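What follows is a short report on a single structure.
Residue numbers (this note's numbering), protein chains in the order written: chain A, 1 to 74; chain B, 1001 to 1204.
This is how it looks when you write it as structure tokens:
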């Protein structure tokens, strides 16, 4: 596997969407190729950052009460 | 492209016995209501405002409860609920809130932030200085097709297959939208970080 082929699968790899065989090939390439390794690390950091920043928000407690009232207290 | 209609009972269901009603309520609370936070987060990003997100989520839950007999227990309730939510949004809210894009989404080829950062911040430490609100604002500025794909993947953690089902598009479309959405987000956040002086940045 070369760098271009590896990078083509960047997000599929990070999202765990590849077959075990392809995933293995990419992991091997990343271990041998520092530039690709750094690139993938950076993108992983970015995805972790996105998730951490966006998941803090939850439904307001009042909305849950409103829905429960609407569903079950008729 | 018109999405398939969400699941709904073909005829009014016969009244349930009290025991069946209690069972329905219990299973709905256990399998559907646990996803309230996810539905709310997605609704907020779709509508762009809290009052409409409240209404959209409430409507979704009512529709889901009415159609609960159609839902196959033990399968992916989150995906099923998000599909209902998205249809409700398209049919009733989008007209009033945001407008579908007219831009050519395929023409968007955002640059790679990783390459820009090589001399400056290759570890991406500037991310640490960007607060929640700024990230949410960047997501809200994405074209709708990219925004919904990114939210389902990066915020709610759905698989490509699940996203494809919710959005009613091929998996390949999910991949390409996700790629562009993430690159656009990186670009927006990079520009923000340069603007704030967190990183030097290079002239483009």
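Beta carbons: idealized from backbone N, C-alpha and C, even for Gly.
All values derive from a computational prediction rather than experimental measurement.
Touch check for the segment 1060 to 1067 of chain B and the segment 1138 to 1147 of chain B: three-plus C-beta pairs under 8 Å? Pairwise C-beta distances place the segment 1060 to 1067 of chain B out of contact with the segment 1138 to 1147 of chain B, as fewer than three of them are shorter than 8 Å.
Interface positions of the segment 1158 to 1185 of chain B facing chain A (Cβ-Cβ less than 8 Å), listed along the chain: Those residues of the segment 1158 to 1185 of chain B that come within reach of chain A (Cβ to Cβ, closer than 8 Å) are 1159, 1160, 1175, 1178, 1179, 1182 and 1185.
Can you tell me whether residue 1074 of chain B is buried or exposed, with buried defined as 16 or more other CB within 10 angstroms of its CB? Within the second chain, the letter at position 74 stands for residue 1074 of chain B. Classification of residue 1074 of chain B: exposed, given that the 10 Å Cβ count is below 16.
For residue 1187 of chain B, decide whether its Cβ has a neighbour in chain A, counting only Cβ atoms nearer than 9 Å. Position 187 of the second chain holds residue 1187 of chain B. No, no contact with chain A.
Taking 8 Å as the limit between beta carbons, can you name the residues of its chain near residue 1182 of chain B, skipping five residues before and five after? For the purposes of this step, residue 1182 of chain B is identified with residue 182 of the second chain, where counting begins at 1. Correct list, in chain order: 1150 and 1154.
Would you check if the distance between the CB atom of residue 1113 of chain B and the CB atom of residue 54 of chain A is smaller than 9 Å? Within the second chain, residue 1113 of chain B is the residue found at index 113, counting from 1. Within the first chain, residue 54 of chain A is the residue found at index 54, counting from 1. If you check the CB distance, residue 1113 of chain B and residue 54 of chain A do not come in under 9 Å.
Within 9 Å (strictly less), CB to CB, does residue 1077 of chain B reach chain A? On the second chain, residue 1077 of chain B is found 77 positions in, with the first residue counted as 1. Not a single CB atom of chain A sits nearer than 9 Å to the CB of residue 1077 of chain B.
Nearest-angstrom Cα separation, counted from residue 29 of chain A out to residue 4 of chain A: What you label residue 4 of chain A is simply residue 4 of the first chain in a count that begins at 1. What you label residue 29 of chain A is simply residue 29 of the first chain in a count that begins at 1. Pairing residue 4 of chain A with residue 29 of chain A, the inter-Cα distance amounts to about 11 Å.
Note down the Cα distance separating residue 41 of chain A from residue 1188 of chain B, rounded to an integer number of angstroms. Position 41 of the first chain, counting from 1, holds the residue named residue 41 of chain A. Position 188 of the second chain, counting from 1, holds the residue named residue 1188 of chain B. Rounded to the nearest angstrom, the gap between the Cα atoms of residue 41 of chain A and residue 1188 of chain B is 20 Å.
To the nearest angstrom, how far is it from the Cα of residue 1088 of chain B to the Cα of residue 1157 of chain B? Taking the first residue of the second chain as 1, we reach residue 1088 of chain B at position 88. Taking the first residue of the second chain as 1, we reach residue 1157 of chain B at position 157. Approximately 21 Å, taken between the alpha carbons.
Measure the Cβ-Cβ separation of residue 1086 of chain B and residue 1046 of chain B and say whether it is below 9 Å. Translated into the one-based positions of the second chain, residue 1086 of chain B becomes position 86. Translated into the one-based positions of the second chain, residue 1046 of chain B becomes position 46. Yes, these two residues count as a Cβ contact at 9 Å.
Nearest to residue 1199 of chain B by alpha carbon, out of B:1024, B:1178 and B:1129? Working through the second chain from its first residue, we reach residue 1199 of chain B at position 199. Nearest of B:1024, B:1178 and B:1129 to residue 1199 of chain B, Cα basis: B:1129.
Would you kindly report the start and end of the unbroken alpha helix (DSSP H) that includes residue 1147 of chain B? Against the second chain, residue 1147 of chain B aligns to sequence position 147. Unbroken alpha helix (DSSP H) run through residue 1147 of chain B: 1144 to 1150.
Between which two residues does the alpha helix (DSSP H) carrying residue 1177 of chain B extend? Translated into the one-based positions of the second chain, residue 1177 of chain B becomes position 177. Start and end: 1171 to 1195.
Within 10 angstroms of the Cβ of residue 32 of chain A, are there 16 or more other Cβ atoms? Answer buried if so, exposed if not. Along the first chain, one-based indexing puts residue 32 of chain A at 32. Exposed is the call here.
Whole angstroms are fine: how far does the CA of residue 1169 of chain B sit from the CA of residue 1162 of chain B? Residue numbering aside, residue 1162 of chain B sits at position 162 when the second chain is read from its first letter. Residue numbering aside, residue 1169 of chain B sits at position 169 when the second chain is read from its first letter. One C-alpha to the other measures close to 10 Å.
Which residues in chain A have a C-beta closer than 9 Å to the C-beta of residue 1114 of chain B? List them in chain order. Residue numbering aside, residue 1114 of chain B sits at position 114 when the second chain is read from its first letter. The answer, in chain order, is 38, 39, 42, 43 and 46.
Backbone CA spacing between residue 1032 of chain B and residue 43 of chain A [nearest angstrom]: As a working mapping, residue 1032 of chain B is identified with position 32 in the second chain. As a working mapping, residue 43 of chain A is identified with position 43 in the first chain. Those two C-alpha atoms are separated by around 33 Å.
Contacting positions in the segment 46 to 60 of chain A - beta carbon closer than 7 Å to chain B: Residues of the segment 46 to 60 of chain A that bring their beta carbon within less than 7 Å of a beta carbon in chain B comprise 46, 47, 49, 50, 51, 53, 54, 55, 56, 57, 58 and 59, in sequence order.
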